[in-house]
Amino acid sequence: MHEMAREFAENYPKVANRLSMGFSDNSDPYVERLLQGLSFLTAPIHMKMDAEFPQFTHHYLEKLCPEYIAVAPSMGLVQFQINNKKGNLNEGVDIPRGLSLRARLPHDEEVLFTTSQAVKLWPLEVTSAKTVSDNLNVIFAKYPVLKNKKIKQAITVQLNLTGSVRLNELSKLENLDVYINGDTDLASLILEAILGHTVSILYQDAEGPSCWSNLLGKDYIEQGGISKDVSLFPLSDTMHIGHRLAYEYFLLPEKFRFIQLKGLRKALKIPKERQEKSGLSTIKITFFLDKKFVELEGALDKNNFLLFCTPIVNLFRQDIKNIFLEQLTPHYPLVADTSRPNHMEIFSVTKVEGVSEDKYKTRIDIPNLATYRQGNREGYTTQRNTYTFGVEKKTRL
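Going by the numbering used here, 258 is the number at position 254 of the sequence shown; the sequence numbering is gapless.
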């Protein structure tokens, strides 16, 4: 206030001279008390403005990146087990994205999870995995094209068909997702080796002398967990894909441990004259690497390559109890379950319906409550309050 008084004195010297302000330390005591009183009156206003500033950033982020201010639900991974005694698995069994899974807690409480990635089950299982650094010349003799690729090491993974299924019966097997399991250091090395240093992939029969084999390039393998159809959460139109990937990586880094084997119809193509032979129940996959990873030697087994896995997230749709509007109430708490208010938290609001006294429904689709407005200037905003036993979300009408 004193600095503003000095500026006033510089701009209006005649008036300032009459009030004895701005030119000396011996200012008018009444003017001094006036400045002090004004400071005390405006201080609470500034304190309230500073305290409410997070609300501005909250609504700003709610518009641009609503995922950043939403609660982070529990996440994990699950592996499906196939049952060869039930159903026909020759054409695969689809596990859709968004499938509900229930986990039972010790006190008979259930937790609902949903799958974030579609899975297709096949009568396959991983039986062995290892690294190969020696005896590569035998393979080079059959595939001379590999000699010029400076191969230093290979990773072999063997798959067996379960039940009485034969390989030539899996005509619709085109892609196969494999989850790289293990501790962070080992899994990172496996991913680096396969995704970053694979030059060719060899598919062949693993039973005795090879009756079939197909060599594919490195383009037939890619990293999973990146595309939009495998995102952990419902995507907002404003969130950049790079922000989403970084957000999901810090929440569940295991989501990006998937590799996808593509072009399996070409890779598992068997000559007609050999399709009627016995066997055809094993697949040996060899990844040829242009770099040798000493840390992987003797460290791999079948448990590092898991099939039929998908991330799961404790996120699901829930209809909340009707809210009756009152003229004098500006805030309405949104409680997912009124009988157990601390049992569930609200991640986002996707739809609101208004019902009038004559039972006429008005559907209000609001991708973001903070910016929705009607022609009569009614506004809708959301506010998330943190309490001791959870998070409460309120809607302001």
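Glycine is no exception: its CB is placed at the ideal position from the N, C-alpha and C atoms.
Assigned secondary structure, residue i (DSSP; H/G/I helix, E/B strand, else coil)
i, result
"tyrosine 147", "coil"
"asparagine 179", "coil"
"histidine 403", "Outside the displayed span of the chain (5 to 401) sits residue 403, for which this structure offers no information."
"isoleucine 274", "coil"
"phenylalanine 57", "helix"
"tyrosine 34", "helix"
"aspartate 98", "strand"
"serine 104", "strand"
"alanine 9", "helix"
"glycine 358", "strand"
"alanine 76", "coil"
"glutamate 226", "strand"
"serine 235", "coil"
"threonine 342", "coil"
"asparagine 372", "Bear in mind that the predicted position of asparagine 372 carries a pLDDT of just 47, short of 50, making it too unreliable to give a figure here."
"glutamine 85", "coil"
"threonine 242", "coil"
"serine 168", "coil"
"glutamine 322", "coil"
"isoleucine 316", "strand"
"alanine 133", "strand"
"glycine 221", "strand"
"phenylalanine 351", "coil"
"leucine 190", "helix"
"tyrosine 64", "helix"
"phenylalanine 262", "strand"
"tyrosine 16", "coil"
"alanine 158", "strand"
Rounded distance between the beta-carbons of residue j and residue i, thought under 8 Å
i, j, result
"leucine 265", "asparagine 179", "7 Å"
"glutamine 157", "lysine 296", "4 Å"
"alanine 9", "leucine 39", "6 Å"
"aspartate 209", "lysine 288", "7 Å"
"serine 204", "phenylalanine 292", "5 Å"
"leucine 171", "leucine 65", "No, leucine 171 and leucine 65 are not in contact; Cβ-Cβ is about 52 Å, not under 8 Å."
"threonine 290", "glutamate 211", "With 8 Å as the limit, threonine 290 and glutamate 211 do not qualify as a contact, their Cβ atoms being about 15 Å apart."
"serine 104", "phenylalanine 320", "7 Å"
Cα-Cα separation between residue i and residue j, rounded to whole angstroms
i, j, result
"glutamate 330", "asparagine 92", "58 Å"
"isoleucine 350", "threonine 202", "44 Å"
"threonine 160", "alanine 74", "43 Å"
"tyrosine 183", "lysine 154", "27 Å"
"tryptophan 126", "asparagine 164", "11 Å"
"isoleucine 198", "glutamine 85", "25 Å"
"leucine 255", "valine 123", "21 Å"
"phenylalanine 237", "serine 120", "8 Å"
"proline 70", "serine 240", "8 Å"
"lysine 325", "tyrosine 72", "26 Å"
"lysine 270", "aspartate 294", "24 Å"
"glutamate 7", "leucine 42", "14 Å"
"methionine 53", "threonine 61", "13 Å"
"leucine 220", "lysine 151", "15 Å"
"phenylalanine 44", "glutamate 36", "13 Å"
"lysine 222", "alanine 133", "19 Å"
"aspartate 323", "alanine 340", "7 Å"
"serine 137", "isoleucine 194", "15 Å"
"glycine 186", "alanine 303", "10 Å"
"glutamate 11", "threonine 46", "19 Å"
"threonine 392", "valine 298", "Confidence at threonine 392 is low in this model, with a pLDDT of 45, below 50, so its placement is unreliable and no value can be given for it."
"histidine 410", "glutamine 59", "Not covered by the structure: residue 410. The range shown for the chain is 5 to 401."
"glycine 246", "lysine 355", "27 Å"
"arginine 261", "serine 235", "14 Å"
"glycine 229", "isoleucine 143", "33 Å"
"valine 149", "lysine 276", "25 Å"
"leucine 300", "leucine 190", "8 Å"
"valine 82", "glutamine 162", "22 Å"
"lysine 232", "methionine 51", "43 Å"
Buried versus exposed call for residue i [16 or more other C-beta atoms within 10 Å across all chains shown]
i, result
"arginine 344", "exposed"
"threonine 135", "buried"
"phenylalanine 57", "exposed"
"glutamate 14", "exposed"
"phenylalanine 309", "buried"
"asparagine 87", "exposed"
"tyrosine 207", "buried"
"asparagine 141", "exposed"
"asparagine 346", "exposed"
"valine 359", "exposed"
"lysine 176", "exposed"
"serine 168", "exposed"
"glutamine 378", "Any reading at glutamine 378 needs caution, since the residue's pLDDT is 41, under 50, leaving its predicted position unreliable; the model's value is listed next. Exposed: under 16 other Cβ atoms inside 10 Å."
"isoleucine 263", "buried"
"lysine 146", "exposed"
heavy atom of the ligand GDP below 6 Å from residue i C-beta
i, result
"phenylalanine 309", "What this structure holds is no ligand at all, so the ligand GDP is not there to describe."
Should the stretch 251–258 be regarded as contacting the stretch 107–115, the criterion being three or more beta carbon pairs within less than 8 Å?
no
Should the stretch 311–322 be called in touch with the stretch 77–90, which here means at least 3 C-beta pairs below 8 Å?
yes
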